[in-house]
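Asks:
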Amino acid sequence: MSVFLKVLPPEHALNQLQSLVDPKMASQRIIMAKTEYLCLESLWPMPPYYRYFLTIQFAIDKINKDPTILPNISLGYHMYDSCSDNRKAVKSVLQILSGPGQTVPNYSCRKRANLAGFIGDQDSVTTVNIAQILALYRYTQISYGATSYVLSNKNNYPSFFRTVQSNKAIYLNLSSLLQIFGWTWVGVLSSDDDSGDEETQLLIQYLAIKGICFAYMIKIRYVVLSAVDDILKNNIEIIRRSSAQVIILCGSFSSFMADSLAKLRDVLHDKTLIFGPIYASKTFLVEHYRKVLEGSLSLEFFALPVPDMKHFYDRFDPEDRLLGHIWLVNFHCTMNDPLNTIYMRIYKCPLLRNCSGTERISDFTSFQNLGLTDRVYEAVYSLARALHNMYLSPVKKSQDKTTQAHNYPHQLNYWVKNLKSLKGDLLFEENGELVTTIDIVNWRSLKNGSLLIRRVGNNFIANGSQQNFSIRVENIVWKTGINKIPKSQCSENCFPGTRKVPRTGIHSCCYDCAQCSEGEVSNVSDSENCQQCRYDEWPNEKKDRCVPKLLNFLSYSNDLLGMVFALFSSILCAMTGLILLLFISHQDTSIVKANNRNLSFTLLISIMLSFLCVYLFLGCPNDITCLLRQVSFGILFTISISCVLAKTIIVCVAFKVTKPGSLWQHWLGTKLSNALVISCSSIQVIICIIWLSVSPPFKELDTSSYQDKIIVQCNEGSAIGFYSVLGYMGFMAAVSFVLAFTVRSLPDSFNEAKYITFSMLVFCSVWIAMIPAYLSTRGKYMVAVEIFAILSSSAGVLGCIFLPKCYIILWRPERNTKTYLMEKRVLQ
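Just add 793 to the spot in the sequence shown (first one is 1) and you have the numbering used here.
#1: Please list the segments of the alpha helix (DSSP H) lying wholly inside the stretch 1038 to 1098, counting only runs of 4 or more residues, in order along the chain.
#2: Tell me the rounded alpha-carbon separation between Arg1168 and Asp914.
#3: Terminal residues of the continuous beta strand (DSSP E) containing Glu991?
#4: Flag this pair as touching only if the stretch 1363 to 1374 and the stretch 1508 to 1527 have three or more C-beta atom pairs under 8 Å; answer yes or no.
#5: Pairs of beta-carbons, one from the stretch 1578 to 1597 and one from the stretch 1424 to 1442, closer than 8 Å: are there three or more?
#6: Can you give the Cα-Cα distance for Ser968 and Leu868, rounded to whole angstroms?
#7: Within its chain, find whatever has a CB closer than 6 Å to the CB of Leu1000; leave out the 5 residues flanking it on each side and keep chain order.
#8: Sorted by chain position, which residues of the same chain lie with C-beta nearer than 7 Å to Val1173's C-beta, five sequence neighbours on each side aside?
#9: With burial defined as no fewer than 16 other Cβ atoms inside 10 Å of the residue's Cβ, what is the status of His1062: buried or exposed?
#10: For Cys902, count neighbouring C-beta atoms within 10 Å of its own C-beta (all shown protein chains included) and say buried if the count is 16 or more, exposed if not.
#11: Taking its Cβ as the centre, do 16 or more other Cβ atoms sit within 10 Å of Ile1071, making it buried, or is it exposed?
#12: By the three-class DSSP mapping on this structure, what secondary structure does Glu1157 have?
#13: Determine which residues share a DSSP beta bridge with Glu1493 and list them.
#14: Beta-carbon within less than 7 Å of Pro1597's beta-carbon, same chain only, minus the 5 sequence neighbours each way: which residues are those?
#15: Any contact between the stretch 1021 to 1035 and the stretch 934 to 947? By contact I mean 3 or more CB pairs, one from each, below 8 Å.
#16: Who are the near neighbours of Leu1532 in its chain, counting only those whose CB is closer than 6 Å to its CB and skipping five residues on each side?
#17: Could you give the first and the last residue of the continuous beta strand (DSSP E) run that contains Cys1306?
#18: Just the Cα atoms here: how many angstroms apart are Leu944 and Gly1225?
#19: Can you check the stretch 1341 to 1391 for any beta strand (DSSP E) of at least 3 residues that lies completely inside it and give the ranges in chain order?
#20: Buried or exposed: where does Glu1607 fall if 16 or more other Cβ atoms within 10 Å of its Cβ makes it buried?
#21: May I ask you to report which of helix, strand or coil DSSP gives His871?
#22: Report the option in Lys1272, Arg1571 and Ile1504 whose CA atom is closest to the CA atom of Asn1345.
#23: Residues bridged to Tyr1009 by DSSP?
#24: Can you check the stretch 874 to 958 for any beta strand (DSSP E) of at least 3 residues that lies completely inside it and give the ranges in chain order?
#25: Leaving out five residues before and five after Arg1605 in sequence, what residues of the same chain have Cβ atoms less than 6 Å from its Cβ?
#26: Quick check: Phe1491 and Leu1411, are their CB atoms within less than 8 Å of each other?
#27: Can you tell me whether Ala1468 is buried or exposed? The criterion is at least 16 other CB atoms within 10 Å of its CB, across all chains shown.
#28: Are the beta-carbon atoms belonging to Ile1029 and Ile1067 less than 8 Å from one another?
#29: Excluding five sequence neighbours on each side, which residues of the same chain lie with their C-beta closer than 8 Å to the C-beta of Ile1005?
#30: Specify the secondary structure class of Arg1247 as computed by DSSP and reduced to three states.
#31: Taking CB distances under 8 Å as the criterion, tell me whether Lys1464 reaches chain B.
#32: Have a look at the DSSP bridge pairing and note the partners of Asp1232.
#33: Are there 16 or more other CB atoms within 10 angstroms of the CB of Glu1545, so buried, or fewer, so exposed?
#34: I need the straight-line Cα distance from Val883 to Asn922, nearest angstrom please.
#35: What three-state label does DSSP hand Ala826 in the structure shown?
#36: Ser885 and Ser875 - do their beta-carbons sit closer together than 8 Å?
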């Protein structure tokens, strides 16, 4: 429906007012066009369209009666129905521009009344063609329903304005809505025309940015009757096979589109439909196709304030031929029209009755809905306000009437562009759009048959940017009847801990889920890639987050193995201490004096300290304990072996001394033993000093040996230094073993050589077995192997050398006498 406004001179004001007051005259102006529309499209009369027509009349009537706007000037109008046909729209515009009589492009024979501007059209398809013609003459055009984004190009359409936003804002909003609900797999039903092509292109662009894919795109096109059934069956099969539970309606609405939705109702009964403001303005869709659109979501332009027009609407009765068509379809009554039989066949109505006269057009459900009424009203008032501002402008006008008429549209275009809203900012943006909040609406039909349209959210989009998006999901009633958001995905969500693996095909929304690799996590659903954990972290069991790696070391408080070692170390240290006290208390006895009691005391103290040095290997290592553990262990064991070696050598010297005239007699005593212990231990001390000076041990975190834990260990620094310490100890133990084995059967009062032989055999066996076990383990078990070697070798020396003596001291005191030892020696 297109309207052009004209400014009437004062002598024509009365005639124009009469046409507004007399509804017969007003409606008669468009009856021919409307009837033609109905016949061409076979469409039922649409009450909302008639409401827009009445709204224009109401707005012009109110403006002409308002003394504060356009005083002494009356607005007139002519209304043409484009019938959604481009050819008819272009013909109407050219006829308006040429004036009465024959249509001549680029020529106007209009003698009276100035052509002010154009209101409309509602559909983008016809509006684009109208705007192209009007752009040549710079006539102002304000549309109340055209959403095509090409009309935002001010270079091509400098004088075009609209009280709605373009499809770019609508589909940017729609794509965000789909993303909020997690719908990544959608179907599209579109009209097969320019509007449908444009909107599907925008859908492809915006949905691709959001990662949303099309399951299918069905074009609803006009076809011959013979092909309708085949196409319908094919469309039904496409929708039925698809897993998409959400379908977007786009393009222009037509009777064929409506009929197609009705025929698809069986396969759409469980689908959620999403559509934009232009579809949402056609509330008769829900009235006639409730089962299809029940539970749908739509985007609607925020309602602008409009006055109550119910009293104006109710002035019209079915005597108006156009209104009579609406009457018979909705109320099934007529005013004794002779064409009732024809109407019944056309509209498939039941038996018609005579109207009672109490019916009112405002009783229609779809007529009660606002639709685009506020946008129509705003379009008329915006043009009137711009005219008012132009006439009140102090700018001087040319006295040449020809020039004045020629500049008329250019002047009005300027004033429309600079209209201010109630907030004081420009009403229309630079691209000529009226930007408002977009509401998200849930469509429901109640049990009593009434329509409930519930606002569940809103959003504001300006200049392509989205702001303040909000939606109340709990207020939405879905078609499924349960308070649960429908799922519309090609594939199930990949849970945290997994990643998407694209399937072979063109759709990125179809994928499989694969577990994250070792050391990787994903903490969101549908993750494209898994993230590597830091060096000190490891994925949890579900692989949805990184957790700190466990620190692996031999603890003496929380680790059973460490607690056992700590217990044995304490027990053996205590036993060694008791043996030392026993020897000190019996130091004057013969068995303690044998083979140098000072060496025995030194050996017992070094063995006791060796047991205590185990605590340096327990607990979390640090730089200090790493420096002390190997050095203290090496030096203490060297002292112990030096004492054993000294004991062995003393046995040899003691045997030599028994021969008359022996040169070994002056070596017998403490001098030899002390010299041996000090010299042998000093060599080990020198080795340790060199080791610590060149490359000392240090604390190290081993993150590569195990994936799920960090080994806190001591790096020996120099492997040569470490194995030099062990090698020197082994060399001394071997020498002591060989000497002890050699003198094991020498006659003596108490020959320790055979006990030393056993002790060194145990010592060497333990450390020879320890080395391969030490090199083949990691973490706390490596430390455990070394601790075991320290405890077992020290315990072996302690048991083999001192337990036989303790047995004699405690349980065979008669053998612990000089007389017994001398007798034994004589016998030998």
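We put the CB at the ideal spot given by N, CA and C, even for glycine. Computed from a prediction, not measured in an experiment: that's the story for all the values here.
Replies: A quick look at the data gives this:
#1: 1048 to 1056, 1070 to 1073, 1077 to 1081 and 1083 to 1086
#2: 12 Å
#3: Note, Glu991: premise wrong, no beta strand (DSSP E); alpha helix (DSSP H) at Asp987 to Ile1002.
#4: no
#5: yes
#6: 42 Å
#7: Ser968
#8: Ile849, Ala852, Ile853 and Ile912
#9: exposed
#10: exposed
#11: buried
#12: In the sequence as presented, Glu is not what sits at residue 1157; that position holds Phe. Three-state result, Phe1157: coil.
#13: Gln1506
#14: Tyr1548
#15: no
#16: Thr1441
#17: Tyr1304 to Gln1308
#18: 9 Å
#19: 1343 to 1345
#20: exposed
#21: strand
#22: Ile1504
#23: Gly980
#24: 907 to 912, 933 to 936 and 953 to 955
#25: none
#26: no
#27: exposed
#28: no
#29: Ser968, Leu971, Gln972, Trp976, Thr977, Trp978, Val979 and Cys1302
#30: strand
#31: Annotation note: the requested chain B is absent from the structure, which comprises a single protein chain.
#32: Glu1093 and Asn1251
#33: buried
#34: 7 Å
#35: Because the pLDDT at Ala826 is just 26, under 50, the model does not fix this residue reliably, and the value given afterwards should be weighed accordingly. Three-state DSSP puts Ala826 in a helix.
#36: yes
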